Amino acid sequence: QKEVEQNSGPLSVPEGAIASLNCTYSDRVSQSFFWYRQYSGKSPELIMSIYSNGDKEDGRFTAQLNKASQYVSLLIRDSQPSDSATYLCAVNPMDSSYKLIFGSGTRLLVRP
Amino acid sequence: SAVISQKPSRDICQRGTSLTIQCQVDSQVTMMFWYRQQPGQSLTLIATANQGSEATYESGFVIDKFPISRPNLTFSTLTVSNLSPEDSSIYLCSVRPRTPETEAFFGQGTRLTVV
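In order, the protein sequence lines correspond to chains Z and C. Heads up: the first sequence is residues 1 to 112, going by our numbering. Heads up: the second sequence is residues 113 to 227, going by our numbering.
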C-alpha cells in the first residue's frame, strides 16, 4: 500500500524563524508532489507543487524534493503567526496518476 | 486554478437519512474527486467521478452508500446514504483543472454531523 508519512507535530517555532516540514513517501516512482495548508475548519489550500529534484522557491516558501531518498520538504522562512495551520503533503503515485495520496499532516504553531 | 462551489457548507442530519452534497466548478473538467476527512484525520479519496460513466470507488467505499452523479463537465453530487454517526465528517469536492497529474483544488467542504 502506498503511503505518505508526516510527523503529526505540533511543530512549534518562534515568529521570524524557519519552519521545516518533512514528508516521506513509499512509492519510488511517484512523479508529482504537493504541499497544502489547511486552517482549522477550512478546506486545503495549495501552497506549492514540485515535480523534479531540487528546490523550488515561491516567496517565503521553498519546496525541496529528493526522489532518491523519497523525501519532500517544505521550508517556511520568516514564519508568521498566520502560518499556524496543518500542512498536508500529497503525492501522485505513478500507477494511478489522477489520484492524490495525502499524509496525515503536520500541525505548525508559530509563537508570537 | 478553479473556483469550486460546494453546498451545503454544513448540515446536521438524523441517523438513517441521506444527505446530498453538490459541487459546481467554473470550468469544464474531466474528473471530479470526492474526499472524506474524518475528525482529526487526513483526506481519504472516496471516488472519482467522470462525466458519462459510473464513478470509480476506492477500496472501502461502495456505490450503495455513496452514490455519485456527474451529469455534465461542471457539476457533480455525492449522496451519503443511510447515515450513521460514523459518517460525521467533512466531505470535499476536488478538481485538477490542468491535467490529472497537476494541482488539485478543493471546494469549501461540507461538514456533516449525524445525530
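Where a beta carbon is used, it is the ideal one built from N, C-alpha and C, also for glycine. Given the structure is predicted, the values throughout are model-derived calculations rather than measurements.
In this structure, the straight-line span from the alpha carbon of Z:I50 to that of Z:D78 is close to 21 angstroms. Within the model, the alpha-carbon separation for C:F173 versus C:D199 is close to 12 angstroms. At a cut-off of 9 angstroms between beta-carbon atoms, C:A216 makes contact with chain Z. With its beta carbon less than 9 angstroms from one in chain Z, C:E213 belongs to the interface. For C:S188, the uninterrupted beta strand (DSSP E) run begins and ends at 187 to 192, by DSSP. A residue is called buried once 16 or more other Cβ atoms fall within 10 Å of its Cβ, and Z:S43 is buried on that count.
Cα atoms of Z:Q70 and Z:S26: separation of roughly 7 angstroms, rounded to the nearest angstrom. One thing to note: C:A216 has its Cβ no nearer than 9 angstroms to the Cβ of C:L190. Ranked by Cα distance from Z:T24, the options Z:K99, Z:T106, Z:E15 are led by Z:T106. The C-alpha of Z:W35 is placed about 5 angstroms away from the C-alpha of Z:I47. Beta bridge pairing from DSSP links Z:E57 with Z:T62.
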